[in-house]
Amino acid sequence: MQRNMLSYPSLSLAVAAAIGAGCSQPPVLSGLDQPYVWSQESESLPVVPVDQRPVFPGVVAKDLNGDEYTFPQAFEDRVTVASIAWERLDQLKVDTWIADQGDFESALGWSEDNPTAEKVWFVEFPTISRRNAFSRWFIDNGMRSGIREWDARARTITLYTDKEPFRAQIGIPNEDDIAVAVIDRKGRVAKMVYGRMTPGTKKAVLDAVRSVAAEDSRS
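Its first residue numbered 7, the sequence shown is counted upward by one per residue in my numbering.
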């Protein structure tokens with residue numbers, strides 16, 4: 007599904023109108039409880055051990071259908087693949103992952119013929135600095151105008167948050183590229199890769215999904 011690029015407005019326009027399974031020995035981020043910074047080499051490494059995974063930040067957000075989610079609680083009892091994007095043109099890279107959305111959703115056996123099997127939750131998080139209510143309305147309606155399908159709106163959950171501490175908590179060092187995370191059933195980030203989907207990053211994410219799903223969900 008190809009989007010109208012106006013569906014992801016740049017922050018500058020909004021302001022004007024409304025007023026990388028794990029990482030080997032990464033550097034410690036000063037002042038943080040978790041030591042991981044996901045590097046570009048994370049693709050080739052195993053998932054992070056359960057007791058060392060950074061927890062997804064607490065944030066309340068709505069999808070483009072208006073349904074509200076509270077994170078990290080919303081991740082409970084399901085495995086998630088989430089793209090995290092920072093600006094409008096990032097959507098071109100996110101779309102390379104959306105093209106194979108069905109492969110990720112069915113990685114644990116789910117299909118229309120087997121609806122009782124576990125379905126991976128595939129979501130995208132446009133991540134934007136905190137805004138007032140009018141600015142959020144303006145941005146969200148701009149996105150909705152370019153996304154007609156209910157399913158596409160349902161998977162698009164805009165995070166309005168303080169971006170620097172958000173990135174620091176889950177170990178994303180900058181906004182140079184999109185990140186794609188595998189998140190376990192307790193809201194912990196088990197794997198991170200960067201950029202547009204390649205055969206290598208797709209395999210890394212699928213392998214991580216299966217590895218996380220095989221874990222004891224009570225861990």
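Just so you know, even glycine gets a beta-carbon here, dropped at the ideal spot from N, CA and C.
By the beta-carbon neighbour count (other beta carbons within 10 angstroms, threshold 16), residue 204 is exposed. In the structure shown, the three-state DSSP call for residue 192 is coil. The alpha-carbon of residue 149 is positioned some 12 Å away from that of residue 131. The straight-line gap separating the alpha-carbon atoms of residue 136 and residue 58 is approximately 29 Å.
Taking 8 Å as the cut-off, the beta carbon of residue 85 is found closer than this to the beta carbon of residue 219. By the criterion of a C-beta distance shorter than 8 Å, residue 116 is surrounded in its chain by 123, 124, 125, 126, once the five residues flanking it on both sides are discounted.
Of the candidates 104, 110, 50, the residue whose Cα lies closest to the Cα of residue 215 is 110.
Within the segment 76 to 151, the complete beta strand (DSSP E) runs of at least 3 residues fall at 86 to 91, 127 to 135. Remark: C-beta atoms of residue 166 and residue 134 approach each other more closely than 8 Å.
Nearest to residue 213 by alpha-carbon distance, out of 64, 87, 67, 78, is 87.
Nearest to residue 194 by C-alpha distance, out of 48, 53, 169, is 53.
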